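Trainee: Listed in order, the protein sequences are those of chains P and E. Here my numbering is used: the first residue of the first sequence is 480, the next is one more, and so on. Here my numbering is used: the first residue of the second sequence is -5, the next is one more, and so on. Ideal Cβ placement from N, Cα and C applies to all residues, glycine included. The structure displayed is predicted, hence computed values, not measured ones.
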Amino acid sequence: GEKVEQHESTLSVREGDSAVINCTYTDTASSYFPWYKQEAGKSLHFVIDIRSNVDRKQSQRLIVLLDKKAKRFSLHITATQPEDSAIYFCAASPNNYAQGLTFGLGTRVSVFP
Amino acid sequence: SVLLYQKPNRDICQSGTSLKIQCVADSQVVSMFWYQQFQEQSLMLMATANEGSEATYESGFTKDKFPISRPNLTFSTLTVNNARPGDSSIYFCSSGDFRYFGPGTRLTVL
Chain P
480 GEKVEQHEST LSVREGDSAV INCTYTDTAS SYFPWYKQEA GKSLHFVIDI
530 RSNVDRKQSQ RLIVLLDKKA KRFSLHITAT QPEDSAIYFC AASPNNYAQG
580 LTFGLGTRVS VFP
Chain E
-5 SVLLYQKPNR DICQSGTSLK IQCVADSQVV SMFWYQQFQE QSLMLMATAN
45 EGSEATYESG FTKDKFPISR PNLTFSTLTV NNARPGDSSI YFCSSGDFRY
95 FGPGTRLTVL
């Protein structure tokens, strides 16, 4: 089955700088890659996704890059703000809605002033 | 968008007992998934809840231990049978488009 490795377990960034979280996956059948934010004691909140037919997607301060050849995708949080502090999870799925997500282990992002 | 509600928010039960977790969507959801999250760890896909048919379970999760019902497109129930302390975790339902997660049910088994 699919395995998703999330390379950074923690990230500490200065407010205004960028944070980058890298994930790799193993299954070439995976074609959908969402990212989630989880604040302490709360549920997962979808932040951005990318599908395998594109290699870059941006939503406001969030950029997702996908390198299918390397089976790698990354989340870039630009111009970080204190409210970006949370745990971020990457995930992968074959995107056929019949199979659920395989998650990475999460990255705890801390934004300091 | 879809809103998912879970009941109860949290529960404490004794080892050996069973408990039910309900997930209700405010609109029809074709697929629904259940995930388990241990404290501050990753989420593990437990099963896919299919309307009117048996759930599809992932490796490590069985229908005897975690029976799931999905009587219609807005409702699903996860039961934890013969609960053990190792089942203490947070259980989430999610919509099949991967966009929405329920608030979670925090289970503590004593």
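Is the beta carbon of L554 (chain P) less than 9 Å from the beta carbon of I500 (chain P)?
Mentor: For the purposes of this step, residue 554 (chain P) is taken as the residue at position 75 of the first sequence. For the purposes of this step, residue 500 (chain P) is taken as the residue at position 21 of the first sequence. Yes, these two residues count as a Cβ contact at 9 Å.
Trainee: Could you list which residues in chain P have their beta carbon closer than 7 Å to that of P97 (chain E), in chain order?
Mentor: The sequence position of residue 97 (chain E) within the second sequence is 103, counting from 1. Correct list: S522.
Trainee: May I ask you to report which of helix, strand or coil DSSP gives E484 (chain P)?
Mentor: Within the first sequence, the letter at position 5 stands for residue 484 (chain P). It is a strand residue.
Trainee: Residues in its own chain within less than 7 Å of Q31 (chain E) by CB, not counting five upstream and five downstream?
Mentor: One-based indexing of the second sequence puts residue 31 (chain E) at position 37. Closer than 7 Å at the Cβ level, and outside the excluded window around Q31 (chain E), lie L37, S83, I84 and F86.
Trainee: Could you tell me whether the stretch 86 to 97 of chain E touches the stretch 17 to 36 of chain E, using the rule of 3 or more Cβ pairs below 8 Å?
Mentor: yes
Trainee: Pick helix, strand or coil for P573 (chain P), following the three-state DSSP scheme.
Mentor: The sequence position of residue 573 (chain P) within the first sequence is 94, counting from 1. Here P573 (chain P) sits in coil by DSSP.
Trainee: How about T49 (chain E) and K59 (chain E): are their beta carbons less than 9 Å apart?
Mentor: Locating residue 49 (chain E) in the second sequence gives position 55, where the first residue counts as 1. Locating residue 59 (chain E) in the second sequence gives position 65, where the first residue counts as 1. According to the sequence as given, residue 49 (chain E) is Ala; it is not Thr. Not a contact, by the Cβ cut-off of 9 Å.
Trainee: In chain order, what residues of the stretch 539 to 556 of chain P put their CB closer than 8 Å to some CB of chain E?
Mentor: Correct list: empty, as no residue qualifies.
Trainee: Tell me which residue opens and which closes the beta strand (DSSP E) that A498 (chain P) is part of.
Mentor: One-based indexing of the first sequence puts residue 498 (chain P) at position 19. Its beta strand (DSSP E) spans residues A498 to Y504.
Trainee: Chain P beta carbons: is any one of them nearer than 9 Å to that of S53 (chain E)?
Mentor: As a working note, residue 53 (chain E) is residue 59 in the second sequence. S53 (chain E) has a beta carbon lying within less than 9 Å of a beta carbon in chain P.
Trainee: Can you tell which of P:A558, P:P561, P:V543 and P:E562 has the C-alpha that lies nearest to the C-alpha of A570 (chain P)?
Mentor: To locate residue 570 (chain P), count along the first sequence from 1; it is residue 91. Selected option, being the one with the closest Cα: P:V543.
Trainee: Whole angstroms is fine: what's the gap from G495 (chain P)'s alpha carbon to R93 (chain E)'s?
Mentor: Within the first sequence, residue 495 (chain P) is the residue found at index 16, counting from 1. Within the second sequence, residue 93 (chain E) is the residue found at index 99, counting from 1. Spanning the two alpha carbons is a distance of roughly 28 Å.
Trainee: Thinking C-beta only, is R535 (chain P) closer than 9 Å to T503 (chain P)?
Mentor: The residue you call residue 503 (chain P) lines up with position 24 of the first sequence. The residue you call residue 535 (chain P) lines up with position 56 of the first sequence. Contact flag unset, no.
Trainee: Would a C-beta distance cut-off of 9 Å place V526 (chain P) and Y515 (chain P) closer than the cut-off?
Mentor: Within the first sequence, numbered from 1, the residue matching residue 526 (chain P) stands at position 47. Within the first sequence, numbered from 1, the residue matching residue 515 (chain P) stands at position 36. Yes, these two residues count as a Cβ contact at 9 Å.
Trainee: Buried or exposed, going by whether 16 or more other CB atoms sit within 10 Å of the CB of G10 (chain E)?
Mentor: The residue you call residue 10 (chain E) lines up with position 16 of the second sequence. Flag for G10 (chain E) reads exposed.
Trainee: On the premise that F591 (chain P) lies in contact with R493 (chain P), defined as a C-beta separation below 8 Å, what is that separation, rounded to the nearest angstrom?
Mentor: To locate residue 493 (chain P), count along the first sequence from 1; it is residue 14. To locate residue 591 (chain P), count along the first sequence from 1; it is residue 112. At roughly 6 Å, the Cβ-Cβ gap stays under 8 Å, so R493 (chain P) and F591 (chain P) are in contact.
Trainee: I want to verify the contact list: residues of chain E whose CB lies under 7 Å from the CB of F582 (chain P), in sequence order.
Mentor: Working through the first sequence from its first residue, we reach residue 582 (chain P) at position 103. Chain E residues near F582 (chain P): S36 and L37.
Trainee: State the start and end residues of the unbroken beta strand (DSSP E) segment that holds S70 (chain E).
Mentor: Numbered from its first residue, the second sequence carries residue 70 (chain E) at position 76. In the DSSP assignment, S70 (chain E) falls within the unbroken beta strand (DSSP E) covering F69 to V74.
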